[in-house]
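>
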Amino acid sequence: DPVLLTHLLRDTWGFDGTLVADYFGVAFLHTLHQVAADLGDAAAQALAAGVDIELPTGNAYLAPLKAKVEAGEVPVALVDRAVLRVLRQKEELGLLDDDFAGVPDGDVDLDPAQHRALAARLAERSVVLLTNDGVLPLTGQRRVAVVGPNADRLEALFGCYSFVNHVLSHHPETETGIVVPTVLEALRTELAGAEVTYARGCAVDDDDRSGIAEAADVVAAAEVAIVVVGDQAGLFGRGTVGEGCDRDDLELPGVQRELVEAALATGTPVVLVMVTGRPYAVDGVIDRCAAVVQAFFPGEEGAAAVAGVLSGRVNPSGRLPVSLPRSAGAQPYSYLHPPLGGASSVTNLATGPVRPFGFGLSYTTFARTDLVVEAPRVATDGGIGVAVTVTNTGQRAGADVVQLYGHDVVASVTRPVAQLLGYRRVELEPGESVVVRFDVPTTRLAFSDRSLVRVVEPGSVELWVGPSCAERDASGVVELVGPVHAVGTGDRRWVEVSVRPA
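If you read the sequence shown in our numbering, its first letter stands for residue 1414, the second for the next number, and so on.
1) CB-CB under 6 Å to Thr1778, same chain, minus the five flanking residues each way: which ones, in chain order?
2) Of the choices Asp1659, Arg1651, Val1654, Val1631, whose alpha-carbon is the least far from that of Leu1672?
3) Under the rule that 16 or more other beta-carbon atoms within 10 Å means buried, what is Ser1747, buried or exposed?
4) Among the candidates Val1499, Asp1522, Gly1624, whose CA atom is the shortest distance from the CA of Gly1561?
5) Look at the alpha carbon of Arg1566 and the alpha carbon of Leu1723, and state the distance between them as a whole number of angstroms.
6) Is Val1719 helix, strand or coil when you go by DSSP?
7) In terms of residues, what are the limits of the alpha helix (DSSP H) holding Asp1454?
8) One question on the structure: do Leu1383 and Gly1819 come within less than 7 Å of each other, judged by their Cβ atoms?
9) Could you check if Leu1531 is buried or exposed, using at least 16 other CB atoms within 10 Å of its CB as the buried criterion?
10) With DSSP run on the structure shown, which of helix, strand or coil describes Ala1476?
11) Hey, quick one: how far does the beta strand (DSSP E) through Asn1805 stretch, first residue to last?
12) Consider the C-beta atom of Leu1442 and the heavy atoms of the ligand SAH; say whether any pair is separated by less than 6 Å.
13) Should Phe1851 be labelled buried (16 or more other beta-carbon atoms within 10 Å of its own) or exposed?
14) May I ask you to verify whether the region 1475 to 1483 touches the region 1500 to 1513, counting CB pairs closer than 8 Å and requiring at least 3?
15) Leaving aside the five residues before and after Asn1609 along the sequence, list all residues of the same chain whose C-beta is less than 7 Å from its C-beta, in chain order.
16) Which residues bound the beta strand (DSSP E) around Asp1813?
17) Compare the Cα-Cα distances from Val1641 to each of Glu1674, Glu1892, Asp1621, Arg1651 and report the closest residue.
18) Are the Cβ atoms of Val1706 and Thr1793 separated by less than 7 Å?
19) Within the same chain, show all residues whose beta-carbon is closer than 7 Å to that of Val1489, passing over the 5 residues directly before and after it, in chain order.
20) Taking only the alpha-carbon atoms, compute the straight-line gap between Arg1905 and Ala1859 and give it to the nearest angstrom.
21) What's the C-alpha gap between Cys1658 and Ala1694?
22) Which residues does DSSP pair with Trp1877 in a beta bridge?
23) Quickly, what does DSSP pair Glu1608 with across the bridge? List them, please.
24) For Glu1909, which three-state DSSP category applies?
25) Alpha carbon to alpha carbon, what distance is there between Ala1708 and Pro1517?
26) Pick out whichever of Thr1679, Val1668, Phe1710 has its Cα sitting closest to the Cα of Val1406.
27) What number of angstroms, rounded off, separates the C-alpha of Pro1594 from the C-alpha of Phe1649?
28) Work out the CA separation of Gly1903 and Leu1421 for me, nearest whole Å.
29) Going by DSSP, name the residue or residues bridged to Thr1544.
30) Name the two residues that bound the continuous alpha helix (DSSP H) containing Gly1773.
31) Verify whether the separation of the beta carbon atoms of Ala1440 and Asn1472 is less than 7 Å.
32) Which same chain residues end up closer than 6 Å to Pro1469 when comparing Cβ atoms and leaving out the 5 residues on each side of it in sequence?
33) Quick check on the burial criterion: 16 or more other C-beta atoms within 10 angstroms. Buried or exposed for Pro1525?
34) Quick one, are the C-beta atoms of Ala1676 and Ala1626 less than 7 Å apart?
35) Provide the residue(s) that pair with Tyr1836 in DSSP beta bridges, ordered along the chain.
36) Mind reading off the beta-carbon distance from Val1668 to Val1596? Whole number of angstroms is fine, and I expect it under 8 Å.
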């Protein structure tokens, strides 16, 4: 569509780079969408719209496009336009310089220590503690059972386009290339003083229940059990999650729910670790487990991060980037829901997630107090200053993710009950306090009005800070004043956050 890809993207928004089609996107105009008579017609439409590069092949942009140009059906100027954009980007990247060398001298270390350190820091900060009755951190337990299909699987730590799951699945003879411990291996290292026993119990996604009884016996003989469940990432039907791997329910794949139930039935405290690529419906399980940890796909240092959180070496500070649903049909499906999506008489389904967006526990506690809205009235094209005091009220150092939310009280179009405006991670020693200040451009509250124009409207906006989208620890109100502001390309969009001692 030239209106979108040229008029809007380039002429209005000022984009001057190259535009690349997704895999087979140009050919799909003919083969799937049936808006092009053949591959040549598809190439002509895409090129005219502003698509410069076809991926992953030249099925449309090579011979079919060449034939269209030679027949005079596609102007050479359109080809020149795309070629110029590609050459300009190559020039900007230095690829056309005389001294450019495509092959580096000597070996290249693709797994240096600084990369591992970064991976470890990201993994440790991403692990989310969802519930904890006091069993965590693990201290003093002599017999620890580890069960579950993702406990001793390297692939469980990575997403669908990772080397491990994208390449090795087709070339199993290829070496991984780097050393990556599994969760079981990391736990045996982390809990060196404990006897760690293991049973898989079941696979990620089949109906073989033959190993569940053995796993239950291992759990029953332990003081605490760590049950590691979740996904196998893959592509186009070769996994439980990933591109082309959809599901029509949100139960744990295969018979993993039965494995969890068998572990709970033993009476041994269960720590459930979910290594997944999507949120699963764990209502009915989450509050029966002694603790629940959500790890998503934490990468090469993810197993050590999970083990560190369980042992207490790492104080968890991850927060949910999604809500955990009660069921596949649960409402609301997103924290950005309108008022009608919450509890009301129009639905007989239980409303509210099991754990809300932004939720995450720590081994310490925090207080968020004294929220100050610096100006009670702000122009619709201005900025909102908000400050809040955050204090570590617990007994150990930890990090809080300070979350600022807003709600447009009355608008011409229904607005979400909560909208994340900004956030900041702050590390605090016991008793330490800081003031976190948010400078929020009013464009963060913009929305498309009934004419599909992006606007900021005058009116009251509720502001609050809390440990998740569902809780308000400190709140205030700001009044946006002046005419309706149509957002332009020159408007500031990003929230700036600063931290100072209290």
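All C-beta atoms, glycine included, are put in the ideal place defined by N, C-alpha and C. Note that the coordinates shown come from a computational prediction; the quantities given were computed from them, not determined experimentally.
Well, looking at it:
1) Excluding residues within five positions, the ones whose Cβ falls inside 6 Å are Thr1806, Gly1807.
2) Scanning Asp1659, Arg1651, Val1654, Val1631 for the CA closest to the CA of Leu1672 turns up Val1631.
3) Exposed, since its Cβ has fewer than 16 Cβ neighbours within 10 Å.
4) Checking every option, the nearest Cα to that of Gly1561 belongs to Gly1624.
5) The C-alpha of Arg1566 lies about 18 Å from the C-alpha of Leu1723.
6) Helix.
7) Counting along the chain, Asp1454 sits inside the alpha helix (DSSP H) bounded by residues 1452 to 1462.
8) The shown model of the chain, from 1414 to 1915, leaves out residue 1383, and the question about it has no answer.
9) Classification for Leu1531: exposed.
10) Reduced to three states, the DSSP call for Ala1476 is helix.
11) For Asn1805, the enclosing beta strand (DSSP E) begins and ends at 1796 to 1805.
12) In the structure shown, the ligand SAH is absent, as is every other ligand, since no ligand is present at all.
13) Classified as buried, Phe1851 has 16 or more neighbouring CB atoms from the shown chains inside 10 Å of its CB.
14) Counting Cβ pairs under 8 Å, fewer than three are found: no touch.
15) Note that residue 1609 is Val in the sequence shown, not Asn. Correct list, in chain order: Val1557, Val1559, Leu1600, Arg1601.
16) Asp1813 -> beta strand (DSSP E) spans 1811 to 1821.
17) Checking every option, the nearest Cα to that of Val1641 belongs to Glu1674.
18) It is not a contact, given that the beta carbons lie outside the stated cut-off.
19) Excluding residues within five positions, the ones whose Cβ falls inside 7 Å are Val1482.
20) Here the C-alpha atom of Arg1905 lies approximately 12 Å from the C-alpha atom of Ala1859.
21) Taking the straight line from one Cα to the other gives about 17 Å.
22) Looking at the DSSP assignment, Trp1877 forms a beta bridge with Tyr1818, Ser1888.
23) Glu1608 pairs with Arg1556.
24) The answer is strand: DSSP assigns Glu1909 an E or B state.
25) Their backbone Cα atoms lie some 36 Å apart in a straight line.
26) Limits of the chain in this structure are 1414 at one end and 1915 at the other, which puts residue 1406 out of reach.
27) Taking the straight line from one Cα to the other gives about 27 Å.
28) Those two C-alpha atoms are separated by around 15 Å.
29) For Thr1544, which the question treats as bridged, DSSP gives the partners Val1705.
30) First-last for Gly1773: undefined, no H or E at that position.
31) Yes, the pair counts as a contact, with Cβ atoms nearer than the cut-off.
32) Excluding residues within five positions, the ones whose Cβ falls inside 6 Å are Tyr1436.
33) By the Cβ-count criterion, Pro1525 is exposed, with fewer than 16 other Cβ atoms from all chains shown falling within 10 Å of its own Cβ.
34) 7 Å or more divides the Cβ of Ala1676 from the Cβ of Ala1626.
35) Bridge partners of Tyr1836: Gln1816.
36) Taking the Cβ atoms as the reference, Val1668 lies roughly 20 Å from Val1596, outside the contact range of under 8 Å.
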